[in-house]
């Protein structure tokens, strides 16, 4: 964190505050690394574009794991999101772009930390980069996401050991159930993470019936989505 970065530990959960000092990978709009910055500095104000990932984990019944972010999370607490979403860090092994290996290694690290899934259950070759998405989403007047998001798909039957500092609830859902959750969220008090809403509506809703044909889904493009900020009270777009 820079010397001008705010102290978080008095206002937010200590574990989450500490992780905000991690160094994320700054990128340009073509996903080329141009530097690094602390997580806290890259998420303040108007934010700085950085590399991220969103994992869609399906089991053998073609159900997707979704989770509700813990209320201890600094950005977007208590919202429903995809299986795992975080950042590769500017550390050895996680900046490598060949085969998207850096992002995949970061995904394995975070799925262990958040979901308790051991690395032996997540062979790196079973992760598939499907596409990439550049978006902005404001959480509140202080925090923002500005990410170039690598969307990864993996199918595995796994054992979970949920970290309550990260996750308050999980569900395995079929396509009908996720559509019901998204459609009815304004009426039932649930909030869908804006990036997950975009991933599902733009991409995953078409992929779901083709999980055995992953290679046909992959594309080497960056979709520039723009601002997908939501109203925290009803989940609707601004």
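Numbering (the working numbering), first residue to last: 120 to 357.
Backbone N, C-alpha and C fix where the C-beta goes; we use that ideal spot for every residue, glycine too.
No experiment lies behind these values; they were computed from the predicted model shown.
Taking the CA atoms as reference points, residue 293 sits about 7 angstroms from residue 181. Residue environment analysis places residue 153 among the exposed positions, since fewer than 16 neighbouring C-beta atoms fall within 10 angstroms of its C-beta. The continuous alpha helix (DSSP H) containing residue 158 extends over residues 158 to 161. The beta carbon of residue 134 is closer than 7 angstroms to those of 284 in its chain, skipping five residues each way along the sequence. Take the alpha-carbon of residue 267 and the one of residue 132: they are about 26 angstroms apart. Within the region 315 to 344, the alpha helix (DSSP H) runs of at least 4 residues that lie entirely inside it are, in chain order, 333 to 336. Distance from the CA atom of residue 226 to the CA atom of residue 244, rounded to whole angstroms, is 12 angstroms. According to DSSP, residue 205 shares a beta bridge with 172. Its Cα nearest to that of residue 301, the residue 318 stands out among 219, 286, 318, 288. In this structure, residue 158 and residue 139 form a Cβ contact; the two beta carbons are roughly 5 angstroms apart against a cut-off of 8 angstroms. Here the region 168 to 184 makes contact with the region 272 to 279; the two share three or more CB pairs at distances below 8 angstroms. Annotated three-state conformation of residue 214 is coil, per DSSP. In the DSSP secondary-structure assignment, residue 139 is not bridged to any residue.
Here DSSP, grouped into helix, strand and coil, assigns residue 309 to coil. Judged by beta-carbon spacing, residue 255 lies within the 7 angstroms limit of residue 346, meaning their Cβ atoms are closer than that value.
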